[in-house]
Amino acid sequence: GNSVTQMEGPVTLSEEAFLTINCTYTATGYPSLFWYVQYPGEGLQLLLKATKADDKGSNKGFEATYRKETTSFHLEKGSVQVSDSAVYFCALNTNAGKSTFGDGTTLTVKP
Amino acid sequence: DVKVTQSSRYLVKRTGEKVFLECVQDMDHENMFWYRQDPGLGLRLIYFSYDVKMKEKGDIPEGYSVSREKKERFSLILESASTNQTSMYLCASTPGRSNQPQHFGDGTRLSIL
């Protein structure tokens, strides 16, 4: 079956540090890949997506590249801010919009 | 923008009660989903629906049922609430195409006493 494995947290960084959250997946076919962010007390919201190999998704300074050869979709940001503190979920879709999610990585950014 | 609205942000119920959680989306999406979110366990799919009056079990359907009488509304029912159903419940919707993301409500934090 499909699965998503993401870097265990929690992750604590200082403001302006470089962020990487690793995500690897197992899937049949050609999934679409997503990163979602969940701020405290809210539901998940889409951060970025990529629908085919070598696509790069980007939004709000975050980036992730769909790597089919390594089955990975790592999230990166060059300089994090306190406001980036949240839980980040990697996910994939294979059919009819049903998603498989990773367990989430909690990021805390300190001033 | 797609809006997914869950009827309650916080809910407190007693063991044995029948509990209804309501979810409405305003973008004519075919697919709707119910998840529960618990610390250390991520998101777990309870039930989903691809169309009106259609439903399929997810990974943890025991103790739950669902209803989808109208396309925009998807209800989660706890037939006889138990304390182990205390959790955050998230509703989501998506159009039928597989490359589209899910749109989530803000969640209902349910406590069963």
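These protein sequence lines are chains L and P, in that order.
When you read off a place in the first sequence, starting at 1, and then add 41, the result is the number in our numbering.
When you read off a place in the second sequence, starting at 1, and then add 6, the result is the number in our numbering.
C-beta: ideal position from N, C-alpha, C; glycine also.
For residue 90/L, the chain P residues whose C-beta falls within less than 7 angstroms of its own C-beta are 107, listed in chain order.
Setting aside the 5 residues that flank it on each side, residue 52/L is surrounded in the same chain by 60, 62, 146, 147, 148, 149, each with a C-beta closer than 8 angstroms to its C-beta; the list follows chain order.
The continuous beta strand (DSSP E) containing residue 83/P extends over residues 79-84. The beta carbons of residue 41/P and residue 96/P sit about 5 angstroms from each other, so the pair counts as a contact at 8 angstroms. Closer than 8 angstroms to the CB of residue 100/L there is not a single CB belonging to chain P. Counted as a single uninterrupted DSSP element, the beta strand (DSSP E) harbouring residue 75/P occupies residues 70-76. Taking each of 22/P, 17/P, 29/P in turn and checking the Cα distance to residue 76/P, the smallest one comes out for 29/P. The C-beta distance from residue 72/L to residue 135/L rounds to 5 angstroms, short enough to meet the 8 angstroms contact threshold. Segment contact: the stretch 111-121 of chain L against the stretch 13-32 of chain P, fewer than three CB-CB distances shorter than 8 angstroms; contact not assigned. Within the model, the alpha-carbon separation for residue 85/L versus residue 27/P is close to 18 angstroms.
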